[in-house]
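Asker:
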Amino acid sequence: MSLNNNILVKLNDVGFQHNGKWLVQGVSLTVKKGQIVTLIGPNGSGKSTTAKIALGILKKIHGEVEKYTNKVGYVPQKISVDWTLPLRVYDFMVLTENLDEKTIDEALSLTGVIHLKDKSLGNLSGGEFQRVLLARAISKKPELLVLDEPVQGVDFTGEIALYELIKKISDELNCGILLISHDLHTVMSATDHVVCLNGHVCCSGTPIDVAKNSEYKALFGEQASQILTRYEHKHDHVHTIEGEIKKN
Amino acid sequence: MFDDFFIRALVAGLGVAFVTGPLGCFVVWRRLSYFGDTLAHSALLGVTIAYSLEFNIALSVFIISSLIALILVQLQNRTNLPGDALLGLLAHSSLAVGLVVIGFLTFIRFDVMGLLFGDILAVTVDDLYIIWIGGALILLVLRLIWKGLFASTVNYELAEAEGLNPDRAKAIFTILMAAIIAISIKMVGLLLITGMLIIPAAMARNISDSPQKMIIYSIIGGLLSVIIGLFSSLEFNTPSGPSIIAAALFLFVISLFKIKQTIKLKN
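Residue numbers (this note's numbering), protein chains in the order written: chain A, 2 to 249; chain B, 27 to 293.
#1: By the 10 Å Cβ neighbour count, where 16 or more other Cβ atoms means buried, how is Asn181(B) classified, buried or exposed?
#2: Taking Leu135(A) as the reference, which of Asp101(A), Asn99(A), Gln78(A), Asp172(A) has the closest Cα?
#3: For Gly21(A), which residues from the same chain have a beta carbon less than 8 Å from its beta carbon, with the 5 sequence-adjacent residues on both sides left out?
#4: Would you mind giving the Cβ-Cβ distance between Leu88(A) and Met94(A), rounded to the nearest angstrom? I have them listed as a contact below 8 Å.
#5: Under 9 Å between the Cβ atoms of Leu109(A) and Leu96(A)?
#6: Just reading off the beta strand (DSSP E) that Val15(A) is part of, what are its end residues?
#7: Would you call Tyr243(B) buried or exposed, if buried means 16 or more other Cβ atoms sit within 10 Å of its Cβ?
#8: When the Cβ atoms of the region 152–161 of chain A are set against those of the region 122–139 of chain A, are three or more pairs found closer than 8 Å?
#9: How far does the beta strand (DSSP E) with Lys22(A) in it extend, from its first residue to its last?
#10: Chain A partners of Met240(B), CB-CB under 9 Å?
#11: Taking CB distances under 9 Å as the criterion, tell me whether Thr46(B) reaches chain A.
#12: Please report whether the beta-carbon of Pro237(B) lies at a distance below 9 Å from any beta-carbon of chain A.
#13: Looking at Ser68(B) and Ala117(B), is the spacing between their C-beta atoms short of 9 Å?
#14: One question on the structure: do Ile41(A) and Leu198(A) come within less than 9 Å of each other, judged by their Cβ atoms?
#15: In whole angstroms, what is the alpha-carbon distance linking Val202(A) and Val28(A)?
#16: Spell out the partners DSSP gives Val66(A) in its beta bridges.
#17: Note down, in chain order, each residue of its chain lying with its Cβ closer than 7 Å to the Cβ of Asp48(A), except the 5 sequence neighbours on either side.
#18: For Ile80(A), which residues in chain E fall below 7 Å Cβ to Cβ?
#19: Counting only the same chain and skipping the five closest in sequence on each side, list residues whose C-beta sits under 6 Å from that of Ile128(B).
#20: Under the three-state reduction of DSSP, which class applies to Ser3(A): helix, strand or coil?
#21: What are the residues of the region 2–27 of chain A that lie near chain B, defined by any Cβ-Cβ distance shorter than 9 Å?
#22: Verify whether the separation of the beta carbon atoms of Val149(B) and Lys212(B) is less than 9 Å.
#23: Let me check one thing: in DSSP terms, what residues is Arg89(A) bridge-paired to?
#24: Buried or exposed for Trp172(B), please, with buried defined as at least 16 other CB atoms from any protein chain shown within 10 angstroms of its CB.
#25: Use the C-beta contact count for Lys141(A): other C-beta atoms within 10 angstroms, 16 or more gives buried, fewer gives exposed.
#26: Let me know the secondary structure DSSP gives Thr192(A) once reduced to three states.
#27: Which residues in the same chain have their Cβ closer than 7 Å to the Cβ of Leu26(B), if we skip the five residues on either side of it in sequence?
#28: Taking the alpha helix (DSSP H) that Ser182(A) belongs to, which residues open and close that run?
#29: Answer with buried or exposed for His194(A), where buried requires no fewer than 16 other C-beta atoms within 10 angstroms of its C-beta.
#30: With distances taken between CB atoms, is the gap from Ala55(A) to Val10(A) smaller than 9 Å?
#31: Have a look at the DSSP bridge pairing and note the partners of Val38(A).
#32: Starting from Asp145(B), trace the beta strand (DSSP E) in both directions and tell me its first and last residue.
#33: Closer than 9 Å, CB to CB, is Ser46(A) near chain B or not?
#34: Could you name the residues of the same chain whose beta carbon sits closer than 6 Å to that of Thr104(A), not counting the 5 residues immediately before and after it, in chain order?
#35: Could you give the C-beta distance for Ile206(B) and Ile164(B), rounded to a whole number, given that I count them as a contact under 8 Å?
#36: Could you tell me which residues DSSP puts in a beta bridge with Tyr75(A)?
What follows is the structure in structure tokens.
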């Protein structure tokens, strides 16, 4: 069992059927501590479904999920909050776990939205809301983070800074991250393992392995493959949340 | 102290308002007002069963309402009918069956108006015990399931993903709904219980910016409605339930002016 010590969640040949149609099938993957696993694939390829299977949101699945942690932070792709509920950012931060003010402030500062703490959640822009969602997920210092398109609607500089933040969180908390994104540029620099989905696992491995895979090329085109390989170079600077550039 | 029927009614009504305040907020948030109606309508059947078997009314209503909630879940899983059609089906058929049963029970004299709209004269000291002890239990259980229920009200998937067991919270909440209907049926009457749940909560929504505030204002609104409603019921000789609900509506209308003012201030 010592081999399993670092495993947070393991999907064994899982699948999910809805109204007789397979949304995704035959997916096996493992997320370990300190590892970032990225799911990529076209629309409708079953990325979100796979995440929901891993989280235990979807019941009646095929295959099995082994989960070795209860400390989970989740950023869903779509969230429809009902605005008949008066909810401030603060109330949302303590939604699933009671946190002290300091922890809340830290998390909101990290994603650059501390000034919104007392604002009503319904008045936030898409990008602001996304940053709050991410802050909420990381504030409880989870062992497993599941991020479904975590930077959608965030401006370009912010996007890069948030991906840097995600990488930093994975290092600092030593948590495992299951990341879903279709933005190949920014994701790949930080990812340890890529799973390319198209209703099933079409290929998986390190970013470079996947980029060279012919099925991947067929799915995303030659250009996408070049993006990935180009990402072997190292950055000599980072972008802060505010968009400033700092030398490493 | 409880000799006077009016004091009894007041104590009973205030007890009910403490519980309908927070539960009503969840009814508004989770869009369950029609569901509340359905449970309340089925309460008539519970009352008739209690009379014919000489059984405690609150307990009988609680059992029947829970049973109807269970049937609803089964129907939702087994048919393709939309939720509101199923609720209407259960609400009206249980009301109808209840009235038919009353028709058969010719040996008992029923105050149907009292059942439908509440009757302050009917509140006994035993009822006060049921309301205050039952109400305290309901609030205690609500406190225990609060985290999971509230989180899943905001977003089911977040609550489920982060291990809060929203399905269990929802099931327990349904039982609490049946319980509040059971303890408040004598006060407000079965046609108006949903009003007692949603009108103070709707009023509170107009003037709150956080969930905790909304619950507190909803309780205060309910308490005021009971006090204003019962005193005017005594003064004008009107039925207690409708008077309380009319008072709640009055407070709701006032809360609308509060909104207008804040909008003006912003401009």
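Ideal Cβ positions, reconstructed from N, Cα and C, are used throughout, including at glycine. The structure displayed is predicted, hence computed values, not measured ones.
Answerer: Reading it off the structure:
#1: As a position in the second sequence, residue 181(B) is number 155, starting the count at 1. So Asn181(B) ends up on the buried side.
#2: Looking up residue 135(A) in the first sequence gives position 134. When only C-alpha atoms are compared, the closest one is Gln78(A).
#3: Within the first sequence, residue 21(A) is the residue found at index 20, counting from 1. Cβ within range, chain order: n/a, list empty.
#4: On the first sequence, position 87 is the one that residue 88(A) refers to. On the first sequence, position 93 is the one that residue 94(A) refers to. Actually they are not in contact, since the Cβ atoms of Leu88(A) and Met94(A) sit about 10 Å apart, beyond 8 Å.
#5: Residue mapping note: residue 109(A) aligns to position 108 of the first sequence, counting from 1. Residue mapping note: residue 96(A) aligns to position 95 of the first sequence, counting from 1. No, they are not a contact pair.
#6: Mapped onto the first sequence, residue 15(A) falls at position 14. 8–19 is the extent of the beta strand (DSSP E) around Val15(A).
#7: The residue labelled residue 243(B) in the question sits at position 217 within the second sequence. The residue is buried, with at least 16 neighbouring Cβ atoms inside 10 Å.
#8: yes
#9: Residue 22(A) sits at position 21 when you count from the first residue of the first sequence. That run of the beta strand (DSSP E) goes 22–33.
#10: Counting from one through the second sequence, the residue named residue 240(B) turns up at place 214. Within 9 Å Cβ-Cβ: Leu86, Pro87.
#11: Numbered from 1 along the second sequence, position 20 holds the residue referred to as residue 46(B). No, its Cβ sits nowhere closer than 9 Å to a Cβ of chain A.
#12: Here residue 237(B) corresponds to residue number 211 of the second sequence, with the count starting at 1. Closer than 9 Å: yes.
#13: Locating residue 117(B) in the second sequence gives position 91, counting from the first residue. Locating residue 68(B) in the second sequence gives position 42, counting from the first residue. A contact, by the Cβ cut-off of 9 Å.
#14: Position 40 of the first sequence, counting from 1, holds the residue named residue 41(A). Position 197 of the first sequence, counting from 1, holds the residue named residue 198(A). Yes, the pair counts as a contact, with Cβ atoms nearer than the cut-off.
#15: Against the first sequence, residue 202(A) aligns to sequence position 201. Against the first sequence, residue 28(A) aligns to sequence position 27. Rounded to the nearest angstrom, the two C-alpha atoms are 6 Å apart.
#16: Here residue 66(A) refers to the residue found at position 65 when the first sequence is read from its first residue. Its beta-bridge partners are Leu12(A).
#17: By one-based count along the first sequence, residue 48(A) stands at place 47. Checking the displayed sequence, the identity of residue 48(A) turns out to be Lys instead of Asp. Contacts found: Leu40, Gly42, Ile181, Leu198.
#18: The displayed structure is made up of protein chains A and B, and chain E is not among them.
#19: Locating residue 128(B) in the second sequence gives position 102, counting from the first residue. Result list for Ile128(B): Thr74, Phe136, in chain order.
#20: Residue numbering aside, residue 3(A) sits at position 2 when the first sequence is read from its first letter. Per-residue confidence for Ser3(A) stands at a pLDDT of 43, beneath the threshold of 50, marking its modelled position as unreliable; no derived number is given.
#21: none
#22: Mapped onto the second sequence, residue 149(B) falls at position 123. Mapped onto the second sequence, residue 212(B) falls at position 186. In this structure, Lys212(B) lies closer than 9 Å to Val149(B) by Cβ.
#23: Counted from its first residue, the first sequence places residue 89(A) at position 88. For Arg89(A), which the question treats as bridged, DSSP gives the partners Ser121(A).
#24: Taking the first residue of the second sequence as 1, we reach residue 172(B) at position 146. When all chains shown are included, Trp172(B) counts as exposed.
#25: What you label residue 141(A) is simply residue 140 of the first sequence in a count that begins at 1. Flag for Lys141(A) reads buried.
#26: Taking the first residue of the first sequence as 1, we reach residue 192(A) at position 191. Thr192(A): coil per DSSP, three-state reduction.
#27: Residue 26(B) cannot be examined here, being either before or after the span of chain B that is shown, 27 to 293.
#28: Reading the first sequence from its first residue, position 181 is the one you call residue 182(A). Per DSSP, Ser182(A) belongs to no alpha helix (DSSP H) and is neither H nor E.
#29: Position 193 of the first sequence, counting from 1, holds the residue named residue 194(A). So His194(A) counts as buried.
#30: Numbered from 1 along the first sequence, position 54 holds the residue referred to as residue 55(A). Numbered from 1 along the first sequence, position 9 holds the residue referred to as residue 10(A). Yes, Cβ-Cβ distance for Ala55(A) and Val10(A) is below 9 Å.
#31: To locate residue 38(A), count along the first sequence from 1; it is residue 37. Its beta-bridge partners are Leu179(A), His194(A).
#32: The residue given as residue 145(B) occupies position 119 in the second sequence. Segment: none, Asp145(B) is in no beta strand (DSSP E) and carries neither H nor E.
#33: By 1-based counting over the first sequence, the position of residue 46(A) is 45. Cβ-Cβ to chain B under 9 Å: no for Ser46(A).
#34: For this step, residue 104(A) is matched to residue 103 along the first sequence. Closer than 6 Å at Cβ, skipping near neighbours: Ser140.
#35: Numbered from 1 along the second sequence, position 180 holds the residue referred to as residue 206(B). Numbered from 1 along the second sequence, position 138 holds the residue referred to as residue 164(B). Contact flag correct, Cβ pair sits at about 6 Å.
#36: Looking up residue 75(A) in the first sequence gives position 74. In DSSP, Tyr75(A) forms a bridge with Val147(A).
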